[in-house]
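Let me begin by presenting the structure, written as structure tokens, before commenting on it.
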Amino acid sequence: MLDRFLQPVPPGVTGELYVAGVGLARGYFGRPGLTGERFVACPFSGSGERMYRTGDLGRWTGEGQLVFAGRADAQVKIRGFRIEPGEVEAVLVMHPGVSQGAVIARADQPGQKRLVAYVVASDGETLDTVQIRDFVAGLLPDHMIPSAVVVLDALPLTANGKVDRAALPAPDFAGLVTGREPRTSVEESLCTLFAEVLRLERVGADDDFFDLGGDSLLAMQLIARIRNLLRTALTIGELMAEPTPAGVATLVRAGGDPAADEPVLAPVQRPEAVPLSFGQARMWFLNRLEDGEALYNIPVQLRLRGDLDRTALWAALGDVVTRHESLRTVFPDPDGIPRQQILTAEAARPTPVVVPTDEDELPSRLTAEATRGFDVSRDLPVRATLFAVPDGSHVLSLVVHHIAADGWSMGVFARDLATAYAARRNGQAPPWAPLPVQYADYSIWQREVAAGEDRSDAHLAYWRQALADLPAELNLPVDRPRPALPGFQAGSVPIRLGARTHARLADVARGQAATLFMAVQAAVALLLSKLGAGSDIPLGTAVAGQGNAALDDLIGFFINTLVLRTDVGGDPTFVELVGRVREGDLAAFAHQDVPFEQLVEEFHPARSLARHPLFQVMLGFRSTPQREWHLAGLDTQVMPSQAATAKFDLSFDLAEYRDEAGAAAGIDGELHYSADLFDRRTAEDLVVRLVRVVEAVADDPHLRVSQVDVLDDAERARIVGEWNDTGVPLGHTRLTAAFDAQVAARPDAVAVAAGDVRLSYARLAQAADRVAHRLAVAGVQPGDLVGVALERSAELVAVLIGVLRAGAAYVPVDLEWPSARVAQVLAGTGVVVASAGFAAPPGVGVVPVGDWVLSGPPLTPPYVVAGHGDLAYVMYTSGSTGVPKGVAVTHAGVVSLAADRHWSGGADQRVLFHAPHAFDASTWELWVPLLAGGQVVIAPPGPLDAAGLAELISGAGLTAVHVTAGLLAALAEEDPGCFAGLPELLTGGDVVSATAVARVAAACPDTVVRHLYGPTEITMCATVFDIRPGEEVPGPLPIGHPLDNTRTYVLDDLLQPVPPGVVGELYLAGPGLARGYWARAGLTGERFVACPFSGSGERMYRSGDLVRWTAAGELVFVGRADTQLKIRGFRVEVGEVEAVLAVFPGVTRVVVVAREDRPGHRYLVGYVVPGDVDGRAVREFAAERLPEYLVPAGVVALPALPVTPNGKLDRGALPAPDFGGLVTGGAPRTAVEEVLCSLFAEVLRLDRVG
């Protein structure tokens, strides 16, 4: 019985039931994803066993009996609250008259989900549903009270004897309606409104809104209708207090909170400075920011064939401009604040512009006209050009700036132009009725409404909750990084969904009481989630702002943009996802009056010129045809504009079509994409995948998100199979056997070279035997852990092999570690092999190393036969809880690494051993040459510099050197030619600089550079990318393809493979996989999970690294899925550092981050509260307890940690440490000191250094 962290829960506490044992099924036939989700690694077994996640909730009694407590997946969400129906059922059956009860969530009516209870009476009892509902209300919170209680003779059952929830009848709310008729006209109006909202035939004057199935969402709809019809603004609290038509009528008669206080939209006295509407203000700002660019132009190009009356056309255009003030308004800002300046009709009348052109020049001329910008401070927001073509036809180019119109009101433009042209052809003025208001009246009214404190605050309160923790940016499968300044270049790809899919999708929407738009939104969100965008998908959509009839015939910028948020998490079915979308959309639409620009001001999202705020993907959907452009007596054809601009990363623009009988005829549209980010091929793939998703969920809407495949069969086979076809047979699977084979084959060959010391394979084997014998005498048994705390030396190599010969596994200890860290690492060992004077923790025996290792008499080691799954070593890395975790690596893992075909040289290779033996690069440096008959060349003590490395390469004839990414960057800057003569350079451990590799490749044209990637959990490395002589160095540098016998899977949150280009988490499998974390069963079960792509019950390691496939099958590293970092090649859990800083006296809050204030230089910085703590003292404190690479470069004391408006840590506001403040005043005394101070300052980017 476990919690969500796979930790056992105490008796009496509800948890989820997991079961294990020989009865466990192999999995689900043909369902690898579902198998991986439900059959997980068991953290309570060291044998790699699995356990089954039942989804059942239960608890232990004090006597060790299990009590069932419901289903984890039976939870429902009603009005934003998560509800466990079993909890409500348990209360129902507590009623003395109820023998059985069932509770479900129903969606029988559009736009609402209700909790309904079904009860069966006990023998001889008669049940009063109102009384039962009151009984429940006395024991449960409001959101858990059923909207209705239905009494049944018996609960319907399935053939298996379980409650058949699908057969439970819909509640008959109409049966609750009383007979009292309304007595007044107000009551009559209210009864009608109640019935409309509740979807009932009629409602009596004394009927309770909530008893008839009303809830808070329906209540908001009712309140809005009462406001519009009766001009009375109620609060939901007042409705709950008076929930009947008669009760609400008393509030209306008493005046309530009159909606008449809200400004009425009507012509008003204009102030001297007419304010801009919210939408206009945003358009004005963007126009100023982009210096009049054409980003927000609305171009319309009409091919006119026939006898065009040019005079009538120009007169008609003048009529339209005269009628609509918005088309003759400019926006000067004399004092820095823009205002509307409405020009007279005469001053704004369009000047006829007729341009003769031929068909060849026409497209370029139209594009030039459409992409010519406006300066809205002085240019009229509409211009017209008439192109005369030699065949007698004309093309009218109309360009309107978005500040004056939107897509909806361009339909008004089309209608008014047609009316005016028809009249002017006949020598008449257009027969229009005067407009009730002009746009300036609307903008003044909108500002007054927004200033209405109560209403505005209520709407903003909703959006604060709805947009809390909104993702700053969606992760999309882009082809290029986002530029700092967008170019706005766009492309488009057509989208076509057939009539059958259209009809089926409409049926799905109808079944969930949703609109087709909501179903399309759910499909788009599902697609983006499957393509790496996460489970929280915000989309933008435009809604018409003409809620008032006075605006129906007006041209202007009324469109408001809503942010619609879709939660794809939890692997819902598509119908469940549509339900979520419906619930969220209805709430958003109920609060759509808040202008988008006001939301941006309110939430202050991280602003960037590179991306759209709050959302980056737009969804447009039309269910009604666009108004056609038509001029009397002419064949009028709308020409497609080639002047598209990209306002968003992606924009789905769709429309549904129906035939003459009204039947579904298909959904057509376009995907518009930013060419800054996407290639056309990628956009085409997105469309193909969208069509695949929609067709799948339309055919089977009960598919879960995890079951919807965005890959076709060929792609899946390539990604899962072909790119992982790495299997090769291994000659040995035991380290000791593989080493012994080399001893037998070449006993006299040099195995280890350390300064003047040369050890042949035979001598090295003898030395290892002596160590094994000594360990056996010290009581070491097969399977034990033996610490090894030695400097880099020939003795160290012999000791490591000797530990293995004793049947034990070695635990490397870095002598630079603080004593506390050493004690933690050696806690699981009984013996440590160390140099004389090593201070072992209490309880750990020491086997001191001396001359006896290399020169003692031959000794017979204990007879031990290690299995391939036995441990070779346990290597400790940073742990998030403050305790380092030991990665338990097997013999088979090391042998598989060493046998890989990528390593060249065989017995001729001479590999430099210079990594600390507690760092996993040492595994490669030692075992690759030793198991191939090559030579380990041990570097002298101390760090390597360019000169020393060059001397080693030439002097020792090195064939391969491994350096970390950080060291490579430093050497490449200091002297990239230091690798000259080296056949093979390997690097990795962190993000490798492509620039550094390019410098080395240019300076050493004969050297092969291998970029290695892999966590310690996969035995040093899992993938490799080769840069061979003469090849171009790509940037960023891929991490490549899997090594022999290694498989790499890029998966989404539901363990499904993602397509090339899509970011997913990297999972690794193969013999190199570690057994797990030593003595950390829970963590092992969390990170080593069942592999859904193998039928053998194999495991895979969840790396936490985010990567993507290229089209060529190479992996590219993108970042981390968690807080784990790589600093100078070392894996760092900031939680471990924070745990140490937090215990410094006086520190109350801590956060540790990795900063990269200048490219390529990443370092840890600690931030502590309060501000009077001595940061240097905190750093010294940490240095005594942590390895050097975990010690922050600086510790900054702050009075408080900065937080976002949502109360989360604002990492972007954490200040850079001021290292300049640590500079002393000591001036240099000599010329050499002066030069050195200057060099120190240059490298550290400081003004001066003492």
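FYI, my numbering numbers position 315 of the sequence shown as 517, with every residue one higher than the one before it.
Ideal placement from N, C-alpha and C gives every residue a C-beta, glycine not left out.
One thing to note: Val-318 has its Cβ no nearer than 9 Å to the Cβ of Thr-331. Taking the CA atoms as reference points, Arg-1364 sits about 58 Å from Val-338. Going by DSSP, His-874 is part of the beta strand (DSSP E) stretching over 866 to 876. The beta carbon of Arg-1023 sits closer than 8 Å to those of Pro-1086, Arg-1387, Leu-1388, Pro-1389, all from its chain and outside the five residues before and after it, given in chain order. Here the C-alpha atom of Val-321 lies approximately 17 Å from the C-alpha atom of Gly-363. Judged by DSSP secondary structure, Leu-816 falls outside any alpha helix (DSSP H); it is assigned neither H nor E.
Val-1013 is not a Cβ neighbour of Val-999, given a cutoff of 9 Å. By the criterion of a C-beta distance shorter than 7 Å, Ala-451 is surrounded in its chain by Thr-386, Val-388, Glu-389, Leu-392, once the five residues flanking it on both sides are discounted. Uninterrupted alpha helix (DSSP H) stretches at least 4 residues long and entirely within the segment 460 to 541 occur at 480 to 491, 512 to 525, given in chain order.
In the three-state DSSP reduction, Ala-725 falls in the helix class (H, G or I).
By the neighbour-count criterion, in which 16 or more other beta carbons inside 10 Å mark a residue as buried, Arg-1450 falls on the exposed side. Counting C-beta pairs closer than 8 Å gives three or more between the segment 966 to 984 and the segment 1056 to 1064, which meets the contact rule. Restricting attention to Arg-1431, Pro-1244, Asp-1192, Leu-1275, the CA atom closest to the CA of Thr-1221 is found in Leu-1275.
Within its own chain, the residues whose Cβ lies closer than 8 Å to the Cβ of Pro-210, once the five positions on either side in sequence are excluded, are Met-203, Leu-204, Gly-217, listed in chain order. The straight-line gap separating the alpha-carbon atoms of Arg-948 and Leu-1188 is approximately 27 Å. For a cut-off of 8 Å, the C-beta gap from Val-1318 to Pro-1240 is around 5 Å, short enough to register as a contact.
In the DSSP assignment, the residues bridged to Pro-1050 are Ala-1036. Pairwise C-beta distances place the segment 1340 to 1351 in contact with the segment 1364 to 1380, as three or more of them are shorter than 8 Å.
Between the alpha carbons of Ala-547 and Leu-873 lies a gap of roughly 40 Å. Under the DSSP assignment, Asp-709 falls in the alpha helix (DSSP H) whose first and last residues are 701 to 713. For Phe-880, same chain residues with a beta-carbon under 7 Å away, outside a window of 5 residues either side, are Val-680, Asp-681 in chain order. For Phe-1383, the enclosing alpha helix (DSSP H) stretches over residues 1377 to 1385. The C-beta distance from Ala-951 to Pro-984 rounds to 29 Å, too long to meet the 8 Å contact threshold. When DSSP states are grouped into helix, strand and coil, Arg-252 belongs to the strand group. DSSP places Phe-854 inside the beta strand (DSSP E), whose first and last residues are 852 to 860.
Boundaries of the alpha helix (DSSP H) harbouring Tyr-641: 641 to 653, taken from the DSSP string. In this structure, DSSP gives Ala-1162 an extended state, which the three-state scheme calls strand. If you draw a straight line from the Cα of Asp-958 to the Cα of Ala-1141, it comes to about 12 Å. DSSP, read as helix, strand or coil, puts Ala-356 in coil.
With 16 or more other Cβ atoms inside 10 Å of its own Cβ, Asp-1072 counts as buried. The beta strand (DSSP E) runs of length 3 or more contained entirely in the segment 1389 to 1449 are, from start to end of the chain, 1396 to 1399. A direct Cα-Cα distance of roughly 30 Å separates Phe-480 from Leu-718.
In summary, Trp-634 is exposed, with fewer than 16 beta-carbon neighbours lying within 10 Å of its beta-carbon over all protein chains present. Annotated three-state conformation of Met-841 is strand, per DSSP.
Listed in chain order, the beta strand (DSSP E) runs fully inside the segment 925 to 956 are 952 to 956, counting runs of at least 3 residues.
Between the alpha carbons of Ala-292 and Gly-260 lies a gap of roughly 14 Å.
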